[in-house]
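Single-structure report; data block below.
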Amino acid sequence: MIRAAAVTAAITLGVFITPLTSASGQSGSSRPATWELRLPSGAFVPTGDLRNTLKNAQASAIQLAWLVRPQLALVGSFTWARSRDITLTGSPKLDVFNSDLGVEARTVDRVAGAVTLSAFAGIGAGARSYNYRKLDVNATNNLAAFGSVGGEAGIGRFGLRLEARDYATGFRPLIGGGTSEARNDVVIMATVRFNRRRATQDQQ
């Protein structure tokens, strides 16, 4: 499942990168911000077999992006979802942590007055950790991969993004141990983005 998700995300990213490569030469007079700080929040939604184990949860994150070129960025993310284990009596609170690094490709901004509109797609990988908040049980750690799509509306140094990530992860029983199996979930987040610097159109 993880391999299939990675292949699908790579194909999606390739569709974005192809037109961006040719477009970047046409937009060389405009420089993007070097860094972007994002503060996403939204929902963690288990799918498939994972729905029988975890409850939907509120998710918060912090993302830092470095723009390699106007339409390509490296993105580091840390996400915290506050879920519950519905397989145990009382559904104890379970923190779901995700740390990952990915690459994000963007379309050329479409300007409507002072507003810029763009779309993006990305892929990445990292680690997923499950940790009971109050039970004396060791955390379980797993590899994770994701593909993402979304859009952004920006004004000056600020922007509002909507992003959906499809995660494919390994999953071991949270209590008692056992073999790892593939699981899937979706994280949907609305993001406030802040640019460290945005150059004007006439800068060279």
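Sequential numbering from 0 applies to the sequence shown in numbering that gives the first Met the number 0.
Don't be surprised by glycine CBs; every beta carbon is placed ideally from N, CA and C.
Which residue wins for smallest C-alpha separation from residue i, given the options the options?
i	options	result
Ala60	Ala104, Asp94, Lys133, Val102	Asp94
Ala80	Ala72, Ser40, Ser90, Gly47	Ser40
Ala113	Gly101, Thr139, Arg156	Arg156
Glu103	Thr78, Arg68, Gly47	Arg68
Glu162	Arg105, Gly47, Glu180, Arg132	Arg105
Ala181	Ile174, Thr78, Arg127	Arg127
Thr139	Thr115, Trp34, Ala58, Thr168	Thr168
Asn141	Gly47, Gly158, Phe96	Phe96
Leu116	Lys92, Gly101, Gly158, Lys133	Gly158
Tyr131	Ala118, Gly101, Leu100, Pro172	Pro172
Gln62	Gly175, Gly101, Ile174	Gly101
Tell whether a beta-carbon distance below 8 Å holds between residue i and residue j.
i	j	result
Ala143	Tyr129	no
Val44	Asp184	yes
Ser147	Arg160	no
Ala64	Ile187	no
Gln70	Val110	no
Phe170	Leu49	yes
Thr190	Leu38	yes
Ser209	Asp84	Lying outside 0 to 203, the shown extent of the chain, residue 209 is not represented and no answer is given.
Leu53	Ser98	no
Ala56	Thr78	no
Phe193	Glu35	yes
Run through the DSSP bridge pairs and tell me what residue i is partnered with.
i	result
Lys92	Arg83
Thr168	Ala143, Arg182
Gln62	Arg37, Ser76
Leu53	Asp84
Ala138	DSSP output for Ala138 lists no bridge partner at all.
Requested in this report: Please determine if the stretch 122-131 and the stretch 149-162 are in contact, where contact requires at least 3 C-beta pairs separated by less than 8 Å.
Outcome: no
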